[in-house]
Every structure is written in structure tokens, then in C-alpha cells.
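Novice: Residue numbers (full-length UniProt numbering): 1 to 69.
#1: Rounded to whole angstroms, what's the CA-CA distance from residue 31 to residue 52? Just pull it up for me.
#2: When you compare each of 62, 61 and 45 to residue 54 by their alpha carbons, which one comes out closest?
#3: What did DSSP end up calling residue 67 once you bin it into helix, strand or coil?
#4: Distance, Cα to Cα, residue 13 vs residue 24?
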């Protein structure tokens, strides 16, 4: 998907830690340096309904994007 990085809303804490440095560098190149901190992990929520609340709270850009399907 175009601008797919903006669609990353959740990943496991372990994965986020493993790819964090590379992902942050890529997001900075795209002008999205604050996005990394808006990606939820299981420490934020594992419940899909609470994930939406979290995304709204942090102002995640995925909420403003057109649905894929």
C-alpha cells in the first residue's frame, strides 16, 4: 500500500525493539519521525477496541487514511 508505514498501528514489543532503529531512520526520511512513538504494543493494548482508543489518543495518522477495503 502507498505510504504503508503510516498504516503500522500495532506490533509486538519485541519486534518493535528489534526493528526500531531501522524503522525510526526510515520514518525520519519520510518526515514521520513522531510515528514510531504512536505504534502500539501489547503494553499499550491487546484489545482491538482499546487499540482504536489508543490510536485516537495519540493522533495516529492511519485514522485519517482511506480504507484499503
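Virtual Cβ for every residue (Gly too), placed ideally from N, Cα, C.
Predicted model only: the values in this text are computed from it and were never measured.
Specialist: Well, looking at it:
#1: Against the chain shown, residue 31 aligns to sequence position 31. Against the chain shown, residue 52 aligns to sequence position 52. Between residue 31 and residue 52, the C-alpha separation is close to 24 Å.
#2: Position 54 of the chain shown holds residue 54. Of 62, 61 and 45, the residue nearest in Cα terms is 45.
#3: For the purposes of this step, residue 67 is taken as the residue at position 67 of the chain shown. It is coil, neither helix nor strand.
#4: Position 13 of the chain shown, counted from the start, is the residue given in the question as residue 13. Position 24 of the chain shown, counted from the start, is the residue given in the question as residue 24. Computed Cα separation, rounded: 15 Å.
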